[in-house]
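Taking the working numbering, the leading residue of the sequence shown gets 1, the next gets one more, and so forth.
Each remark here refers to the structure printed beneath this line.
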Amino acid sequence: MAIPKQIAAFLDLPDVNLYTGHSLRRSSTTVLAVTGANLIEIKQHGGCKSSTVAEQYIEDSVMNKMKRGQKIFHSLEIRRKL
1 MAIPKQIAAF LDLPDVNLYT GHSLRRSSTT VLAVTGANLI EIKQHGGCKS STVAEQYIED
61 SVMNKMKRGQ KIFHSLEIRR KL
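Below, the structure is given as C-alpha coordinates:
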(Lines of atoms letter the chains of each structure in order from A and count residues from 1; the text may use other names and numbers.)
(Lines give C-alpha, C1' and ligand atoms only; values in the text may rest on other atoms or scores of the structure.)
Protein backbone atom coordinates (compact mmCIF):
# COMPACT_ATOMS: atom_id res chain seq x y z
CA MET A 1 0.00 0.00 0.00
CA ALA A 2 1.37 3.44 -0.96
CA ILE A 3 2.38 5.81 1.85
CA PRO A 4 -0.53 8.29 1.39
CA LYS A 5 -2.99 5.40 1.59
CA GLN A 6 -1.19 4.04 4.68
CA ILE A 7 -1.45 7.44 6.36
CA ALA A 8 -5.14 7.68 5.48
CA ALA A 9 -5.71 4.18 6.87
CA PHE A 10 -3.77 5.02 10.05
CA LEU A 11 -5.92 8.13 10.51
CA ASP A 12 -8.99 5.98 9.88
CA LEU A 13 -10.11 8.22 7.02
CA PRO A 14 -12.86 7.04 4.68
CA ASP A 15 -12.03 5.83 1.16
CA VAL A 16 -8.28 5.39 1.64
CA ASN A 17 -7.90 4.68 -2.08
CA LEU A 18 -8.68 8.32 -2.84
CA TYR A 19 -5.48 9.54 -1.16
CA THR A 20 -2.50 10.01 -3.48
CA GLY A 21 0.99 11.41 -3.38
CA HIS A 22 -0.39 14.62 -4.82
CA SER A 23 -2.95 15.03 -2.04
CA LEU A 24 -0.28 14.36 0.61
CA ARG A 25 2.18 16.81 -0.96
CA ARG A 26 -0.48 19.48 -1.39
CA SER A 27 -1.86 19.11 2.13
CA SER A 28 1.57 19.07 3.77
CA THR A 29 2.64 22.13 1.76
CA THR A 30 -0.49 23.94 2.92
CA VAL A 31 0.30 23.05 6.54
CA LEU A 32 3.86 24.30 6.04
CA ALA A 33 2.56 27.62 4.68
CA VAL A 34 0.28 28.01 7.70
CA THR A 35 3.33 27.75 9.98
CA GLY A 36 4.79 30.83 8.31
CA ALA A 37 7.33 29.09 6.07
CA ASN A 38 9.04 31.27 3.50
CA LEU A 39 8.80 31.00 -0.27
CA ILE A 40 11.95 28.91 -0.70
CA GLU A 41 10.88 26.39 1.97
CA ILE A 42 7.49 25.99 0.33
CA LYS A 43 8.99 25.61 -3.14
CA GLN A 44 11.43 22.96 -1.93
CA HIS A 45 8.88 20.98 0.07
CA GLY A 46 6.08 21.13 -2.47
CA GLY A 47 8.31 20.62 -5.48
CA CYS A 48 7.08 23.90 -6.96
CA LYS A 49 9.15 25.07 -9.90
CA SER A 50 7.15 28.26 -10.16
CA SER A 51 7.26 30.94 -7.48
CA THR A 52 3.71 31.85 -8.49
CA VAL A 53 2.39 28.47 -7.36
CA ALA A 54 4.34 28.61 -4.08
CA GLU A 55 3.14 32.18 -3.44
CA GLN A 56 -0.44 30.96 -3.72
CA TYR A 57 0.09 28.64 -0.75
CA ILE A 58 1.33 31.60 1.28
CA GLU A 59 -1.49 33.91 0.16
CA ASP A 60 -4.12 31.28 0.92
CA SER A 61 -2.75 30.47 4.38
CA VAL A 62 -5.01 31.13 7.34
CA MET A 63 -2.28 33.20 8.97
CA ASN A 64 -2.19 35.66 6.07
CA LYS A 65 -5.97 35.83 5.90
CA MET A 66 -6.02 36.68 9.61
CA LYS A 67 -3.35 39.37 9.13
CA ARG A 68 -5.38 40.96 6.33
CA GLY A 69 -8.51 40.81 8.48
CA GLN A 70 -6.70 42.47 11.38
CA LYS A 71 -5.51 45.27 9.11
CA ILE A 72 -9.08 45.88 7.94
CA PHE A 73 -10.41 45.77 11.51
CA HIS A 74 -7.68 48.15 12.70
CA SER A 75 -8.50 50.54 9.86
CA LEU A 76 -12.17 50.54 10.85
CA GLU A 77 -11.28 51.16 14.51
CA ILE A 78 -9.15 54.18 13.55
CA ARG A 79 -11.95 55.64 11.41
CA ARG A 80 -14.47 55.08 14.19
CA LYS A 81 -12.32 57.09 16.62
CA LEU A 82 -12.11 60.04 14.22
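Even for Gly, the Cβ is constructed at its ideal location relative to N, Cα and C.
Residue from the options whose Cα sits closest to the Cα of residue i
i, options, result
"residue 26", "48, 64, 75 and 38", "48"
"residue 37", "14, 18 and 64", "64"
Rounded C-alpha distance that separates residue i from residue j
i, j, result
"residue 6", "residue 16", "8 Å"
"residue 20", "residue 8", "10 Å"
"residue 77", "residue 71", "10 Å"
"residue 10", "residue 57", "26 Å"
"residue 54", "residue 81", "39 Å"
"residue 66", "residue 35", "13 Å"
Residue i classed as buried or exposed, judged by whether at least 16 other C-beta atoms fall within 10 angstroms
i, result
"residue 14", "exposed"
"residue 32", "buried"
"residue 29", "buried"
The ligand ATP heavy atom lying under 7 Å from the CB of residue i
i, result
"residue 35", "This structure lacks the ligand ATP, and indeed carries no ligand of any kind."
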